[in-house]
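The next block holds one structure in the form of structure tokens; read it before the comments.
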Amino acid sequence: VAWYAPMCSKCKTYKPPKCHHCRICDRCISGMDHHCPWMNNCIGAGNMKHFILFLVYVWIASAYALLLFGMNYFLCNSDDCIFPNGLVQ
């Protein structure tokens, strides 16, 4: 029985198991999940941790911005409102 090595039809190279070809990056990605336009990279087995950390940091920054907006909108009723601890209006 001959061993069959799968080949990528686009790259014309050996295609490892659980590997998919990204048409945007034009390369094969191991464990590819999707191509992320914000990271400008494919999300796969090698950088899934970095993608999850990116999502967590974006969520934290959004929650912080929403908190500052809420403080400014609901707690400042006059023109001379000053935030405590050095936050600028």
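Here the sequence shown is numbered in our numbering, starting from 588 and rising by one per residue.
Backbone N, C-alpha and C fix where the C-beta goes; we use that ideal spot for every residue, glycine too.
Keep in mind that this is a model prediction, so the values were computed, not measured.
The criterion of a C-beta distance shorter than 8 Å is not satisfied by His-622 and Cys-615. In the structure shown, Ser-596 falls within a coil segment according to DSSP collapsed to helix, strand and coil.
Spanning the alpha carbons of Asn-659 and Val-645 requires a straight line of approximately 21 Å.
Distance between Met-594 and Pro-624, taken at the CA atoms: about 27 Å.
Judged by beta-carbon spacing, Ser-617 lies within the 8 Å limit of Lys-605, meaning their Cβ atoms are closer than that value.
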